[in-house]
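Below is one structure, written out as structure tokens; comments come after it.
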Amino acid sequence: MTGVVGRFAPSPTGPLHFGSVVTAVASYVDVHAQGGQWLLRIDDVDLPRIERGATAGILTTLEALSLPWDGQVIYQSARGAAYAEALAKLEARQLIYRCQCSRKTIGPRAYPGTCRAKRLRGDGACLAWRVKVDDEPVVVDDVVQGRYAQQLASHCGDFVLRRADGVYAYHLATVVDDAWSGVTQVTRGSDLLESTPRQIHLQRLLGLPTPRYAHLPVVLDTHGDKLSKQTHAPAVTPANAATAMFHALAFLGLAPPPESLGADCGQLLAWALPRWSLAAIEPAARAYALPA
Ligand code: GLU
Numbered sequence: 001m002t003g004v005v006g007r008f009a010p011s012p013t014g015p016l017h018f019g020s021v022v023t024a025v026a027s028y029v030d031v032h033a034q035g036g037q038w039l040l041r042i043d044d045v046d047l048p049r050i051e052r053g054a055t056a057g058i059l060t061t062l063e064a065l066s067l068p069w070d071g072q073v074i075y076q077s078a079r080g081a082a083y084a085e086a087l088a089k090l091e092a093r094q095l096i097y098r099c100q101c102s103r104k105t106i107g108p109r110a111y112p113g114t115c116r117a118k119r120l121r122g123d124g125a126c127l128a129w130r131v132k133v134d135d136e137p138v139v140v141d142d143v144v145q146g147r148y149a150q151q152l153a154s155h156c157g158d159f160v161l162r163r164a165d166g167v168y169a170y171h172l173a174t175v176v177d178d179a180w181s182g183v184t185q186v187t188r189g190s191d192l193l194e195s196t197p198r199q200i201h202l203q204r205l206l207g208l209p210t211p212r213y214a215h216l217p218v219v220l221d222t223h224g225d226k227l228s229k230q231t232h233a234p235a236v237t238p239a240n241a242a243t244a245m246f247h248a249l250a251f252l253g254l255a256p257p258p259e260s261l262g263a264d265c266g267q268l269l270a271w272a273l274p275r276w277s278l279a280a281i282e283p284a285a286r287a288y289a290l291p292a
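Mapped onto the numbering used here, the consecutive letters of the sequence shown carry residue numbers 1 to 292.
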């Protein structure tokens with residue numbers, strides 16, 4: 001045991017696609033190259049967005065990719081008590097406040113703190129909870145993307161930790177769970193780099209450690225859009241797992257020999273492990289089409 005712990009945390013809003021496989025493979029190989037543990041967390045906190053059957057499909061595809069996770073799968077839907085406890089800690093120190101503003105009244109700008117001084121009361125029904133931010137820049141020293149700094153006050157303002165409908169925000173859930181499960185390394189898509197300062201802010205307020213961050217280049221489709229369910233990214237399933245594995249390694253800067261295309265995923269991973277280097281990853285987002 002090296003104490004290195006990584007995780008893959010898909011949202012079960014649909015099947016895995018090539019972009020999610022790139023993230024899974026990179027985080028798996030990176031922790032295994034360091035003799036660490038790789039956890040699987042299903043980010044199903046936002047129940048209305050969840051697609052029936054998606055979690056089962058994700059687990060089956062990870063098995064077909066030869067990416068076994070350590071320990072039990074962690075389900076965010078079962079972790080509400082931990083999120084409530086974190087919120088209560090912040091409330092006791094007056095670091096959060098209730099907010100009645102709707103997204104419509106705020107618009108796309110940073111939240112101007114309208115409800116900060118209102119001291120709204122109530123048991124939370126119909127009111128969101130926001131955490132206070134300040135104007136000190138928060139710096140992320142990302143292993144792949146380099147240094148990234150953001151001033152939360154102008155970027156987003158005081159941000160939501162629990163929505164008015166009672167759903168805990170991704171930022172709170174991920175910070176609480178990463179710390180609870182002992183995650184030391186977060187390896188995920190670069191679309192989440194701009195979320196990281198909010199997560200570091202929460203870690204500091206809650207007295208939690210900040211993991212090492214590695215934000216991988218996002219995979220784009222031929223229109224320049226991030227692969228996602230919304231952009232109809234093709235699914236990776238057990239049927240095309242070996243092809244996806246080969247191309248994920250190629251996207252990540254390794255050059256698997258052409259004759260290994262279609263080879264067993266376990267063999268490809270064994271080939272990749274001793275060659276793995278985060279430094280070989282080209283940081284910029286780019287298009288990559290998985291052959292049909
Ligand atoms: N569940 C998030 C997603 O699928 C990723 C969370 C994370 O890696 O922090 O986009």
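Backbone N, C-alpha and C fix where the C-beta goes; we use that ideal spot for every residue, glycine too.
Cβ-Cβ distance between residue i and residue j below 9 Å
i, j, result
"VAL140", "GLN150", "yes"
"VAL138", "ILE200", "yes"
"GLY224", "ALA292", "no"
"LEU269", "TYR28", "yes"
"ALA84", "THR187", "no"
"CYS126", "ALA164", "yes"
"ALA128", "GLN100", "yes"
"ALA33", "LEU273", "yes"
"GLN76", "ASP177", "yes"
"VAL175", "LEU202", "yes"
"ASP30", "LEU278", "yes"
Any non-hydrogen atom of the ligand GLU within 8 Å of residue i CB
i, result
"ASP43", "yes"
"THR174", "yes"
"LEU192", "yes"
"ARG147", "no"
"TYR168", "no"
"PRO10", "yes"
"VAL186", "yes"
"SER77", "no"
"SER20", "yes"
"GLY189", "yes"
is_contact[residue i, chain B] using C-beta, thresh 9 Å
i, result
"GLY189", "Looking for chain B here will not work: only one protein chain is present."
Those residues which DSSP pairs with residue i across a bridge
i, result
"CYS99", "ALA128"
"HIS223", "DSSP output for HIS223 lists no bridge partner at all."
"HIS17", "ALA235"
"PHE155", "The displayed chain sequence assigns His, not Phe, to residue 155. HIS155 is not bridged to any residue."
Using 8 Å as the cut-off, can you tell me whether the region 251-265 makes contact with the region 34-47, which would need three or more C-beta pairs spanning the two stretches below that distance? no
Could you tell me whether the region 215-232 touches the region 18-26, using the rule of 3 or more Cβ pairs below 8 Å?
yes
Touching or not, the region 275-283 and the region 1-12, by the rule of three or more beta carbon pairs under 8 Å?
-> no
key: Cβ contact (3+ pairs, closer than 8 Å) linking the region 222-242 and the region 49-65   = yes
**Request:** Mind the definition here: the region 66-81 touches the region 96-113 only if three or more C-beta pairs lie below 8 Å; say whether that holds.
**Result:** no
- Does the region 79-90 come within contact of the region 262-274, defined as at least 3 CB pairs closer than 8 Å? no
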